[in-house]
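What follows is one structure encoded as structure tokens, with my remarks underneath.
Numbering (this note's numbering), first residue to last: 13 to 196.
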């Protein structure tokens, strides 16, 4: 009787301490061989704002693992290509973390090669492309490019500042022993 009680207690302890470990990852493109070229592909995303996606992960040791499980479950359980505008709720219990995610269904549509996409844009002027982007996504207004400089067009254009005088044009200054210049 005593032996069976000890064996039962050991079996219960083993059952309680046994654990499973999973790791969830996102899509990525990596090619180990450099002599194989992947054709860059461009797709559009159709967002279905009528289809809300909600998932909850299991308990994990790391926050990133819990969030990755949410993304994985959302894609596989809902048969979608991407989660649009995901937001996360993170719950901590001791050293364990659990994530819940809410977002919208997104589907990849209109696949084409990057070269085809670039060829299609050649018939339009830069201004026409920028106007199209602004219509599709007003947030792009913040990032209209001016040459190599990104310009925030929400800021009203300021008058050009008067150039500061060059060092040789500044009033005579004497240098102290500390290395700082004193104004005369």
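We put the beta carbon where it would ideally sit given N, CA and C, even for glycine.
Alpha carbon to alpha carbon, how far is residue j from residue i? Give it in angstroms, no decimals.
{"i": "residue 94", "j": "residue 70", "result": "21 Å"}
{"i": "residue 58", "j": "residue 122", "result": "10 Å"}
{"i": "residue 12", "j": "residue 49", "result": "Lying outside 13 to 196, the shown extent of the chain, residue 12 is not represented and no answer is given."}
{"i": "residue 75", "j": "residue 124", "result": "35 Å"}
{"i": "residue 110", "j": "residue 144", "result": "41 Å"}
{"i": "residue 205", "j": "residue 97", "result": "Nothing can be reported for residue 205: it is not among the residues displayed for the chain, which extend from 13 to 196."}
{"i": "residue 129", "j": "residue 151", "result": "22 Å"}
{"i": "residue 133", "j": "residue 139", "result": "12 Å"}
{"i": "residue 127", "j": "residue 54", "result": "9 Å"}
{"i": "residue 79", "j": "residue 137", "result": "41 Å"}
{"i": "residue 52", "j": "residue 135", "result": "21 Å"}
{"i": "residue 81", "j": "residue 103", "result": "14 Å"}
{"i": "residue 87", "j": "residue 101", "result": "18 Å"}
{"i": "residue 89", "j": "residue 99", "result": "18 Å"}
{"i": "residue 112", "j": "residue 148", "result": "29 Å"}
{"i": "residue 131", "j": "residue 108", "result": "50 Å"}
{"i": "residue 5", "j": "residue 146", "result": "Residue 5 lies beyond the stretch modelled for the chain, which goes from 13 to 196, so this question has no answer here."}
{"i": "residue 56", "j": "residue 47", "result": "29 Å"}
State the DSSP-derived secondary structure class of residue i, mapped to helix, strand or coil.
{"i": "residue 5", "result": "Within the shown structure, residues of the chain are numbered from 13 to 196, placing residue 5 beyond reach of any answer."}
{"i": "residue 176", "result": "For residue 176, the predicted structure reports a pLDDT of 49, less than 50, and the residue's modelled location is therefore unreliable. A value from the coordinates is still provided. Of the three classes helix, strand and coil, the one that applies to residue 176 here is coil, per DSSP."}
{"i": "residue 144", "result": "helix"}
Sort the options by Cα distance to residue i and report the nearest one.
{"i": "residue 106", "options": "53, 148, 51, 73", "result": "73"}
{"i": "residue 91", "options": "146, 104, 131, 120", "result": "120"}
At a threshold of 8 Å, does residue i count as lining the ligand ZN (C-beta to nearest heavy atom)?
{"i": "residue 103", "result": "With respect to the ligand ZN, the structure offers nothing, as it holds no ligand at all."}
At least three beta-carbon pairs within less than 8 Å, the region 108-116 to the region 52-72: yes
Ordered list of beta strand (DSSP E) runs contained in the region 70-136, each at least 3 residues: 94-105, 108-125
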